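Only one structure is covered here, and it is reproduced in the block below.
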Ligand SMILES: [Zn+2]
């Protein structure tokens with residue numbers, strides 16, 4: 005391919021970036037947006053939205069564009085429901101329908117319920133390389149009156165807004181419907197009805213459905229106003245000049261909020277909707293067997309990072325188009341995911357035989373998986389300790405990472421290797437202790453077992469193996485060599501495969517274990533001779 009040729013576009017993030025440039029015009033800078041109501045723990049499904057924006061933002065930046073990534077915390081939304089996983093359920097129920105930002109933190113750690121959920125998530129984002137986000141706290145924007153002018157514009161066009169929404173409704177909008185809410189001056193709740201709007205003075209009157217209070221708000225100066233979601237979204241697109249924002253399934257259906265918002269921004273604000281990408285839900289597989297969203301046990305970015313390296317988290321999300329559903333695995337598939345990621349890495353560095361197109365594709369996903377936003381990849385391939393092998397060595401060494409490192413001493417050549425080893429080892433320990441199936445775990449026997457029943461022939465075999473390993477340990481430089489030797493000995497002694505079961509009994513009190521030859525070599529001469 006010559007430089008003049010059109011660069012082939014492999015990745016969905018590049019395709020969306022090209023679309024943004026095509027539809028929004030070739031500009032110097034683009035605004036991309038994401039937003040979440042911090043109504044509960046911000047979980048991995050919400051993270052999908054953020055990383056979708058991040059990947060598109062990077063694709064834009066890597067095309068020489070500037071990107072303004074705005075992330076809206078919709079913390080002026082009403083506190084609609086108490087999630088089941090929150091403490092102080094009864095106290096929280098008392099606060100329903102107030103702004104989320106006015107609800108105290110039930111954990112007593114932050115200034116509000118909203119801030120608690122916000123900060124926990126904000127803290128983890130840089131760990132996956134998302135560092136350039138401009139967080140907007142919508143309670144501040146609303147309360148400062150930044151949207152008042154737009155709110156007046158909406159109220160002045162109330163009928164038109166109603167007609168747009170009516171097209172997608174099966175029932176008629178109520179007589180007193182208005183595209184506006186306000187938090188009641190008396191009880192601070194948004195269960196109110198607008199009872200009148202004076203276009204001349206730009207004031208609304210309202211009645212609170214909960215406490216019966218009848219009040220008045222001046223739209224020019226009020227700090228209590230709040231737009232309902234279907235109006236709020238397009239108003240902010242117009243206000244912020246958003247060029248790209250994805251949305252979840254619930255917003256993406258025909259006649260859903262994305263559809264109505266696209267019409268409202270055009271008809272009411274005379275602007276075009278941002279480029280859109282619908283993203284699907286994600287499932288969880290094998291999370292310690294007890295994940296249930298109905299109980300509110302939601303998985304956060306931190307829990308994914310406990311098991312997967314940061315680059316792998318990016319890679320998993322970058323591997324699926326936003327509209328594809330997939331499962332995040334915490335069970336034995338974790339081993340497979342590590343193997344797949346290592347294969348991808350080897351492909352990028354030319355160590356796997358694949359077609360050029362496949363290599364280019366792999367390289368692009370690998371670039372997008374890097375923590376640095378420029379996508380620059382390490383000059384030499386990082387060291388790849390196999391996750392499975394690492395799990396074995398760590399268990400042999402009672403989870404002592406420093407001791408385990410000695411097995412890999414010669415492979416760790418630079419800082420990147422060191423980082424890879426440490427990150428992977430920490431995750432292997434965590435995974436074994438928290439998620440691995442029971443039959444994956446083992447503990448090396450501390451003392452020689454005398455109670456394993458062996459026939460005379462088997463006894464002689466174990467003694468012979470002991471002698472062989474004692475005298476010729478250093479002759480076995482690979483697992484294969486030792487494997488062949490043991491196999492030959494088993495044949496010479498005329499033993500059945502039952503002997504392997506007994507050897508695992510001698511080593512780890514179990515009938516099965518990691519592949520024997522490699523396992524013996526990993527356990528080390530001294531311990532093995534002691535146990536045999
Ligand atoms: Zn009230």
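Residue numbers (our numbering): 5 to 536. The C-beta atom is built at its ideal place from N, Cα and C for all residues, glycine as well. Given the structure is predicted, the values throughout are model-derived calculations rather than measurements.
Mind checking who residue i pairs with in its DSSP beta bridge?
i	result
residue 333	289
residue 2	Nothing about residue 2 can be reported from this structure: the residues present for the chain run from 5 to 536 only.
residue 77	40, 141
residue 185	230
residue 71	34
residue 248	36, 279
residue 196	212
residue 464	The partner list for residue 464 (beta bridge, DSSP) is empty, contrary to what the question assumes.
residue 82	103
Rounded to a whole number of angstroms, what is the C-alpha to C-alpha distance between residue i and residue j?
i	j	result
residue 432	residue 55	25 Å
residue 91	residue 150	34 Å
residue 63	residue 394	34 Å
residue 201	residue 371	54 Å
residue 434	residue 447	16 Å
residue 24	residue 97	43 Å
residue 320	residue 313	11 Å
residue 240	residue 284	23 Å
residue 399	residue 487	21 Å
residue 218	residue 430	59 Å
residue 106	residue 139	19 Å
residue 326	residue 527	44 Å
residue 282	residue 258	12 Å
residue 280	residue 247	9 Å
residue 460	residue 306	54 Å
residue 16	residue 119	33 Å
residue 236	residue 147	14 Å
residue 525	residue 401	13 Å
residue 359	residue 352	11 Å
residue 61	residue 264	25 Å
residue 470	residue 57	60 Å
residue 522	residue 476	16 Å
residue 155	residue 223	7 Å
residue 330	residue 439	19 Å
residue 452	residue 536	7 Å
residue 519	residue 390	14 Å
residue 415	residue 481	16 Å
residue 210	residue 87	30 Å
residue 41	residue 242	19 Å
When DSSP labels each residue in this structure, what does residue i get in the three-state scheme?
i	result
residue 243	helix
residue 158	helix
residue 175	coil
residue 227	coil
residue 302	coil
residue 201	strand
residue 103	strand
residue 500	coil
residue 408	helix
residue 135	coil
residue 449	coil
residue 316	helix
residue 482	coil
residue 346	helix
residue 297	Summary for residue 297: the model assigns pLDDT 48, below 50, so the residue's position carries little reliability, and this model does not support an answer.
residue 61	helix
Determine the closest residue to residue i out of the options, with distance taken between C-alpha atoms.
i	options	result
residue 130	396, 98, 374	374
residue 234	147, 465, 255	255
residue 302	45, 349, 122, 455	45
residue 378	127, 279, 35, 136	136
residue 403	522, 198, 426, 417	426
residue 449	534, 521, 171	534
residue 158	144, 69, 99, 206	206
residue 463	507, 269, 480	507
residue 270	290, 337, 164, 317	164
residue 516	469, 525, 291, 505	505
residue 112	103, 126, 443, 95	95
residue 490	509, 478, 465	465
residue 287	22, 35, 47, 37	47
residue 392	230, 335, 171, 167	335
residue 170	514, 531, 344, 267	267
residue 388	357, 410, 423, 363	423
residue 132	51, 454, 338, 343	51
residue 13	362, 31, 274	362
Q. If you scan the segment 417 to 442 from start to end, which runs of the alpha helix (DSSP H) of 4 or more residues do you find wholly inside it?
A. 419 to 438
Q: Mind listing, in chain order, the continuous alpha helix (DSSP H) runs of no fewer than 4 residues lying wholly within the segment 17 to 53?
A: none
Q: Scan the segment 362 to 403 and note each continuous alpha helix (DSSP H) run of 4 residues or more that stays entirely inside, going in chain order.
A: 391 to 400
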